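Protein chains in written order, with the working numbering: chain A, 12 to 309; chain B, 190 to 515; chain C, 9 to 308.
A virtual CB, placed ideally from N, CA and C, is assigned to each residue, including glycine.
Here the structure is a predicted model, which means the values were calculated and not measured.
See structure below.
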Amino acid sequence: MAAITEQQLGPNLQEPAGWRRTKNRIATIAMVVAFVLALVPLVFVLITVIARGIKIMSWSFLTSGPIPPNVAPANVGGIGPAVLGTIEIVAIATAMAVPLGVLGAIYLNEYGGKNWLARLIGFMSDVMTGVPSIVMGLFIFSIWVLHFGFSGFAGALALGCLMLPVVIRSTDEMLKLVPNPLREGSYALGASKARVTVTVVLPAAIGGIVSGALLAVARAAGETAPLLFTILTVTTANPNVFSGPNTSIPSQIFANATSPYVGAQDRAWGAALTLILIAFILMIAARIVTARFTRYSR
Amino acid sequence: MSTLTQQAGPATPAGSAHPLSQRRPLGDRTFQIITLACGLLVLVILVLIALSTTQQASSWFTTEGWGIFGTVWNPAANQFGALAFIYGTAITAAIALIMAVPVSVGIALLLTEVVPYRLARPIVYVIDLLAVVPSVVWGLWGILVFAPWIGKIYVDIGSAVTGIPVLDSLFGPPTSGASFFTAGIILAFMITPIVTSLSREVIATVPAIDKEGAYALGATRLEMIRGAVWPHSKGGITGAVLLGLGRAMGETIAAALVIGSSATITSHLFAPGDSMPAVIANQFGEASGVFRAALIGLGVLLFAFTIIVNIIARAIVGRSAEQGTA
Amino acid sequence: MEEPEQNVTANPQLTETASPPVPTTATEQQVPPEQVPVPGDHVFDVDNVSIYYSAFRAVTDVSLTVYEHEITAFIGPSGCGKTTVLRTLNRMNDLVAGARVEGNVRYRGAPLYGKDVSPIAVRRRIGMVFQKPNPFPKSIYDNVAYGPRINGEHSKRKLDEIVERSLRQAALWDEVKDRLNKSGLSLSGGQAQRLCIARTLAVEPDVVLMDEPCSALDPIATGAIEDLMHEIKSRYTIVIVTHNMQQATRVSDRTAFFSVLRNEQSDTRTGVLVEYGPTEKIFHDPTDPRTEAYVTGQMG
């Protein structure tokens with residue numbers, strides 16, 4: 012028998028050669044490039060906002076008012092009324108949307124199950140998250156402002172409508188994650204369905220629910236369009252949320268963005284930095300809550 | 190003795206009211222009704238939106254009739270044809286999708302197929318950060334920083350393609366930093382997170398055995414993606430793209446700031462233009478009467494378009510997710 | 009695991025051998041009188057009960073009586089319906105969509121599925137311990153106090169008493185008395201199951217149902233729970249579903265052996281009660297050949 016060399020016997024374990032390999036490499040590089048393309052604008056925006064906003068940022072910037080006219084230079088006045096407005100309006104919107112959203116999600120998950128109504132509500136809830144925020148503003152304008160005038164409350168209604176489907180969806184996901192044996196353990200002790208839900212299911216899911224709510228708040232705090240026709244941006248602080256026009260941080264940014272005056276633009280950058288910081292803090296808080304408070308079973 | 194032991198005693202003999210009978214606790218029924226009412230709120234709000242805005246816009250519909258799709262928008266002359274804005278919305282959304290979809294799907298594939306788990310989390314954080322930048326901040330940066338910078342590039346491109354048949358109509362002058370194309374780019378940045386995260390969800394439903402089967406045949410990663418991932422997820426990814434479309438159509442503030450606010454229909458992508466949400470935001474302040482009704486009517490159209498797109502998108506994504514796991 | 013296919017068909021004749029002779033007098037047994045448990049009050053009277061999930065008949069024609077202060081074991085191969093029957097006794101099957109009970113179940117003389125009977129009231133008297141320990145994500149104290157609290161007990165002093173008493177009954181007090189505030193999720197398997205038992209005992213039920221309570225536990229933890237069952241037997245009535253025949257012989261007074269009827273046409277399995285009697289008799293002198301096949305290990 013002729014001697015069989017190692018070359019002939021051994022299997023060919025080399026990588027696919029030539030074109031196949033190259034195509035694969037290109038694809039991988041393309042995916043990484045895609046990520047970089049998304050990263051670049053983010054980095055630029057953040058750098059610009061931080062660089063330009065930090066020059067003007069200070070405690071007095073955040074608290075003093077009224078908001079000076081666009082002509083005024085940067086070191087005059089601040090956006091205090093806008094900060095107050097954002098806090099008030101977002102707080103009220105949250106106070107309306109979160110309880111209603113959580114209760115709605117409880118219906119979907121604990122009572123409705125697979126019946127047609129629950130599936131319809133769940134589906135339309137998802138669809139509602141895609142309704143443009145400006146349409147919500149027009150809606151509240153038509154149905155509230157025309158009768159009761161501009162107010163922070165009207166803005167809160169619009170933001171609440173935006174937040175509601177988001178809270179419902181995220182709460183529904185969290186409730187689904189609570190394992191059924193926990194519910195059974197509670198039923199077996201003679202609890203009614205309402206009690207099971209409130210005393211066992213909700214506490215178990217609370218971490219995720221709060222985290223989802225925080226993210227909804229972050230989104231609402233940054234919204235401008237729904238506030239345009241509901242609070243009617245003003246420059247003086249209005250602590251009365253229920254009557255009279257109001258202002259908010261995003262509204263101020265929008266108002267200042269098209270101004271040619273440097274002072275106004277600087278205030279806009281400072282306000283933008285404030286907004287980003289708020290959103291960032293809420294995001295981090297949401298992650299902390301998720302990490303520390305979600306554990307359902309051994 | 191505690192009251193508990195009394196309750197736990199045996200049932201009294203038949204004939205007397207036995208302690209096993211208690212009606213369903215009143216609180217239980219009330220709670221169920223409350224939760225149902227909260228759930229129904231979603232449907233109620235959607236219906237109210239449709240009704241109230243349509244009613245407010247009715248004077249526009251009745252005055253213009255089919256003229257609502259006219260090409261001339263001149264409030265001073267009481268002409269409110271909205272075609273320019275519909276065109277602007279469509280163009281900017283198209284530009285945004287063309288740019289955002291490959292990037293988003295690429296990132297989604299990167300996260301699901303390429304990157305080890307530890308690296309995936311920071312990448313997801315970056316995408317989440319992208320999502321959390323408010324629209325008005327994008328607009329501010331867009332108009333004060335990005336538009337001036339890219340405006341110069343437009344001028345260069347514009348003069349380079351002057352005279353060349355198709356390219357001139359698309360990219361030739363007039364150019365402006367605030368234009369359709371700029372708005373499209375900013376919109377692309379904004380819709381990337383949602384298209385990415387939904388694509389990820391869809392790709393995650395591809396059964397692992399299919400992927401392993403492809404690898405077991407000696408496929409490279411690209412071949413596996415084309416053979417195993419794509420057939421399963423193309424439906425779902427289409428849904429994700431449609432959701433991105435809905436988002437791009439409705440995005441108001443960033444567009445309002447960088448689109449140029451010029452109600453023209455033109456093929457020149459670098460020229461200033463306008464879109465439905467942008468014009469509503471920019472002109473609502475001074476509007477009244479039919480003018481205002483027209484703007485609200487644009488809102489009605491926007492609502493209708495986005496609802497339809499979202500319904501189709503969610504239906505596709507829902508169905509694909511089921512098929513993937515079947 | 010095999011079913012006794014050579015003995016079991018869908019033959020209706022089988023229902024005759026399927027209804028077990030309920031032992032009412034000691035003379036019916038071939039067991040020495042002192043080993044036959046003297047039956048006390050009837051706690052459960054199950055009469056020709058069949059259980060359906062929608063159209064599917066999961067269990068057919070079960071009749072047996074559970075006596076007070078005894079430990080009754082349900083044994084049998086997988087899928088024979090023993091857990092289904094157990095869950096019928098505290099109406100936990102109500103939670104499953106499409107579940108239906110036909111026949112008569114009486115709890116101390118009163119119909120358990122009567123028109124105006126509240127399942128919530130039922131479950132306060134008839135508690136259940138599950139196969140996999142399911143402590144609530146609350147503190148140990150709050151786990152045990154949960155039942156009394158929903159029954160309206162809010163006095164801290166009373167609750168402290170109840171928690172200590174229940175944990176002592178469950179033989180867990182010494183191990184956890186210094187960390188009652190720690191989460192219930194931090195306990196080991198055996199401890200967690202004893203916590204669940206303490207939680208069940210805290211509402212002072214009449215009956216404790218146990219669905220394979222030791223199958224997720226190691227032998228030492230299992231032993232602890234079996235000892236516990238013996239100790240609390242004098243105050244409660246216990247029904248236990250178990251896969252483990254040795255366990256049944258160790259703890260139970262009476263045993264019910266369930267098996268599976270295979271329906272060839274629809275390819276479904278229905279559970280059926282084969283034999284029910286004092287444990288001694290079931291294991292050493294069973295009447296039905298299927299019982300003998302099962303307990304001697306020839307099948308399942």
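**Request:** Answer yes or no: does any C-beta atom of chain B fall closer than 8 Å to that of residue 88 (chain A)?
**Result:** Sequence index remark: in the first sequence, residue 88 (chain A) carries index 77 (1-based). Not one chain B Cβ lies under 8 Å of residue 88 (chain A).
**Item:** Nearest-angstrom Cα separation, counted from residue 444 (chain B) out to residue 150 (chain A)
**Value:** The count along the first sequence starts at 1 and reaches residue 150 (chain A) at position 139. The count along the second sequence starts at 1 and reaches residue 444 (chain B) at position 255. Roughly 20 Å between the two C-alpha positions.
**Asked** Closest to residue 310 (chain A) by CA distance: which of C:287, C:137 and C:238 is it?
**Response** Nothing in the structure corresponds to residue 310 (chain A), since chain A is present only between 12 and 309.
**Message:** So that I know if they touch, is there some Cβ in chain A lying closer than 8 Å to that of residue 496 (chain B)?
**Reply:** Walking along the second sequence from the start, residue 496 (chain B) turns up at place 307. It does: the Cβ of residue 496 (chain B) has a partner Cβ on chain A nearer than 8 Å.
**Asked** So is residue 271 (chain A) in contact with chain B if we call contact Cβ pairs under 8 Å?
**Response** For this step, residue 271 (chain A) is matched to residue 260 along the first sequence. Cβ-Cβ to chain B under 8 Å: no for residue 271 (chain A).
**Prompt:** How would you list, in chain order, the residues of chain A whose beta-carbon sits under 7 Å from the beta-carbon of residue 334 (chain B)?
**Reply:** Your numbering for residue 334 (chain B) matches position 145 in the second sequence. Result: 59.
**Item:** Listed by chain order, chain A residues near residue 140 (chain C) by CB distance under 8 Å
**Value:** The count along the third sequence starts at 1 and reaches residue 140 (chain C) at position 132. Here the neighbours are 192.
**Asked** Any chance the region 48 to 65 of chain A sits against the region 222 to 230 of chain A, with 3 or more Cβ pairs inside 8 Å?
**Response** no
**Asked** Using a Cβ cut-off of 7 Å, which residues of the region 444 to 471 of chain B contact any Cβ in chain A, in chain order?
**Response** 446, 466, 469 and 470
**Asked** Under 8 Å Cβ-Cβ, which residues of chain A neighbour residue 436 (chain B)?
**Response** Here residue 436 (chain B) corresponds to residue number 247 of the second sequence, with the count starting at 1. The answer, in chain order, is 141.
**Request:** Compute the distance between the beta-carbons of residue 67 (chain A) and residue 277 (chain A), then report whether it is under 8 Å.
**Result:** The sequence position of residue 67 (chain A) within the first sequence is 56, counting from 1. The sequence position of residue 277 (chain A) within the first sequence is 266, counting from 1. Yes; because the gap between Cβ atoms is below 8 Å, this pair is in contact.
**Item:** Cβ-Cβ separation, residue 285 (chain B) to residue 215 (chain B) (assumed contact under 8 Å), whole Å
**Value:** For the purposes of this step, residue 215 (chain B) is taken as the residue at position 26 of the second sequence. For the purposes of this step, residue 285 (chain B) is taken as the residue at position 96 of the second sequence. Wrong, their Cβ atoms sit about 54 Å apart, outside the cutoff.
**Three-state secondary structure (DSSP) of residue 53 (chain C)** = Taking the first residue of the third sequence as 1, we reach residue 53 (chain C) at position 45. Correct three-state label for residue 53 (chain C): strand.
**is_contact[residue 238 (chain A), chain C] using C-beta, thresh 8 Å** = Translated into the one-based positions of the first sequence, residue 238 (chain A) becomes position 227. Not closer than 8 Å to any Cβ of chain C, the Cβ of residue 238 (chain A) fails to qualify, so no.
**Asked** Alpha carbon to alpha carbon, how far is residue 143 (chain A) from residue 157 (chain C)?
**Response** Mapped onto the first sequence, residue 143 (chain A) falls at position 132. Mapped onto the third sequence, residue 157 (chain C) falls at position 149. So the two alpha carbons sit approximately 47 Å from each other.
**Message:** For a quick check, are the C-beta atoms of residue 148 (chain A) and residue 100 (chain A) less than 8 Å apart?
**Reply:** Working through the first sequence from its first residue, we reach residue 148 (chain A) at position 137. Working through the first sequence from its first residue, we reach residue 100 (chain A) at position 89. It is not a contact, given that the beta carbons lie outside the stated cut-off.
**Item:** For residue 136 (chain C), the first and last residue of its enclosing beta strand (DSSP E)
**Value:** The count along the third sequence starts at 1 and reaches residue 136 (chain C) at position 128. Here the beta strand (DSSP E) through residue 136 (chain C) covers 134 to 137.
**Message:** Quick check on DSSP: helix, strand or coil for residue 34 (chain C)?
**Reply:** Locating residue 34 (chain C) in the third sequence gives position 26, where the first residue counts as 1. Here the model assigns residue 34 (chain C) a pLDDT of 42, short of 50, so the residue's position is not dependable, and the following value carries that caveat. Residue 34 (chain C) falls in the helix class under three-state DSSP.
**Request:** Have a look at the DSSP bridge pairing and note the partners of residue 271 (chain C).
**Result:** Residue 271 (chain C) sits at position 263 when you count from the first residue of the third sequence. Paired residue(s): C:276.
**Prompt:** Can you list the alpha helix (DSSP H) stretches of 4 or more residues lying completely in the region 92 to 135 of chain C, in chain order?
**Reply:** 127 to 133
**Message:** Tell me whether the region 348 to 361 of chain B and the region 252 to 271 of chain A touch, counting them as touching only if at least three CB pairs, one residue from each stretch, are closer than 8 Å.
**Reply:** no
**Prompt:** Looking at chain A, which residues of the region 276 to 304 of chain C have a Cβ within less than 7 Å of any of its Cβ atoms?
**Reply:** none
**Item:** Reference residue 258 (chain C), options C:111, C:286 and C:216, closest by Cα
**Value:** As a first step, residue 258 (chain C) must be located in the third sequence, where it is residue number 250. Closest by alpha carbon: C:286.
**Span separating the alpha-carbon of residue 311 (chain A) from that of residue 267 (chain B)** = With chain A covering only 12 through 309, there is no way to say anything about residue 311 (chain A).
**Request:** Please name the residue in A:303, A:170, A:208 and A:179 whose C-alpha comes closest to that of residue 105 (chain A).
**Result:** Sequence index remark: in the first sequence, residue 105 (chain A) carries index 94 (1-based). Out of A:303, A:170, A:208 and A:179, A:170 has the C-alpha closest to the C-alpha of residue 105 (chain A).
**Request:** Please report how far the alpha carbon of residue 57 (chain C) lies from the alpha carbon of residue 293 (chain C), in whole angstroms.
**Result:** For this step, residue 57 (chain C) is matched to residue 49 along the third sequence. For this step, residue 293 (chain C) is matched to residue 285 along the third sequence. When rounded, the distance between both Cα atoms is 26 Å.
**Message:** 8 Å is my cut-off, CB to CB: does residue 31 (chain C) come that close to chain A?
**Reply:** As a first step, residue 31 (chain C) is located in the third sequence; it is residue number 23 there, counting from the start. Confidence at residue 31 (chain C) is low in this model, with a pLDDT of 45, below 50, so the placement of that residue is unreliable and no value is reported for it.
**Item:** Assigned exposure category for residue 299 (chain C) - 16 Cβ within 10 Å defines buried
**Value:** Counting from 1 along the third sequence, the entry for residue 299 (chain C) is found at position 291. Answer is buried; the Cβ neighbour count reaches 16.
**Prompt:** List, in order along the chain, the chain A residues whose C-beta lies closer than 7 Å to that of residue 376 (chain B)?
**Reply:** As a working note, residue 376 (chain B) is residue 187 in the second sequence. Ordered by position in chain A, no residue passes the 7 Å Cβ test against residue 376 (chain B), which lies about 12 Å from the chain.
**Message:** residue 428 (chain B) and residue 505 (chain B) - do their beta-carbons sit closer together than 8 Å?
**Reply:** What you label residue 505 (chain B) is simply residue 316 of the second sequence in a count that begins at 1. What you label residue 428 (chain B) is simply residue 239 of the second sequence in a count that begins at 1. It is a contact, given that the beta carbons lie within the stated cut-off.
**Message:** I need the straight-line Cα distance from residue 262 (chain C) to residue 284 (chain C), nearest angstrom please.
**Reply:** Your numbering for residue 262 (chain C) matches position 254 in the third sequence. Your numbering for residue 284 (chain C) matches position 276 in the third sequence. Approximately 7 Å between the Cα atoms of the pair.
**Prompt:** According to the neighbour-count rule (16 or more other Cβ atoms, all chains shown, within 10 Å of its Cβ), is residue 235 (chain C) buried or exposed?
**Reply:** Taking the first residue of the third sequence as 1, we reach residue 235 (chain C) at position 227. Counting Cβ neighbours within 10 Å, residue 235 (chain C) comes out exposed, since fewer than 16 surround it.
**Message:** Rounded to whole angstroms, what is the Cα-Cα separation between residue 83 (chain A) and residue 274 (chain A)?
**Reply:** To locate residue 83 (chain A), count along the first sequence from 1; it is residue 72. To locate residue 274 (chain A), count along the first sequence from 1; it is residue 263. C-alpha separation (whole angstroms): 6 Å.
**Asked** For residue 393 (chain B), which of helix, strand or coil comes out of DSSP?
**Response** To locate residue 393 (chain B), count along the second sequence from 1; it is residue 204. Of the three classes helix, strand and coil, the one that applies to residue 393 (chain B) here is helix, per DSSP.
**Message:** Just to make sure I have the definition right: I need the residues of chain A whose C-beta is within less than 9 Å of the C-beta of residue 324 (chain B). Which are they?
**Reply:** As a first step, residue 324 (chain B) must be located in the second sequence, where it is residue number 135. Ordered by position in chain A, the residues that pass the 9 Å Cβ test against residue 324 (chain B) are 144, 233, 234, 235, 236 and 261.
**Request:** Please report how far the alpha carbon of residue 289 (chain C) lies from the alpha carbon of residue 103 (chain C), in whole angstroms.
**Result:** As a working note, residue 289 (chain C) is residue 281 in the third sequence. As a working note, residue 103 (chain C) is residue 95 in the third sequence. Distance between the alpha carbons of residue 289 (chain C) and residue 103 (chain C) is about 36 Å.
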